[in-house]
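Going by numbering that gives the first Met the number 0, the letters in the first sequence line up with residues 0 to 109, in that order.
To start, the structure under review is shown below, and the notes come after it.
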Amino acid sequence: MNKLKATFYEQVYAFVRAVPRGAVVTYGQVALELGAPAAARAVGYALHFLPGDNDVPWWRVINVRGEVSFKNRGEAADLQRKLLESEGVVFDASGKTDLQQYRWWPDSQA
DNA sequence: GAGATGACGGGCT
DNA sequence: AAGCCCGCCATCT
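Rendered as structure tokens:
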């Protein structure tokens, strides 16, 4: 797993790195932008391998539901929510965000 | 080369 | 409405 050469992963990191503060993108969306509309799993996998000392705002990547996927699986979920809230993203009582409001698209930005 | 894994997505029950 | 199942892709062992 530590090969980390020019692979799909780096593409994911690059894309996430381009996500502006206060905006979020879904796994499926990232996969789509990378040319693999159905590789949402691979995207999540890529972020899973993401070390803690990188410059990739992985917390801005959420599932299509607008919520943290690993909400109760890892402590990182709490961190993610905290980070997003500090960026202006608001979570509702269900721990979900207004995806249609925060979702960011590279085309509409560039 | 084959099988198993995974921060997902969409569809069906 | 919530939960379960299947399928997708890329990587790893």
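All C-beta atoms in this analysis are idealised placements derived from N, C-alpha and C, irrespective of residue type, glycine included.
Rounded to the nearest whole angstrom, the CA to CA distance from D54 to R16 is 7 Å. Under the three-state reduction of DSSP output, E9 falls in the helix class.
Each residue's CA atom was taken as its position, placing Y26 and A92 some 23 Å apart. With fewer than 16 neighbouring CB atoms inside 10 Å of its own CB, Q100 falls in the exposed class. Among the bridge pairs identified by DSSP, V60 is matched with V24.
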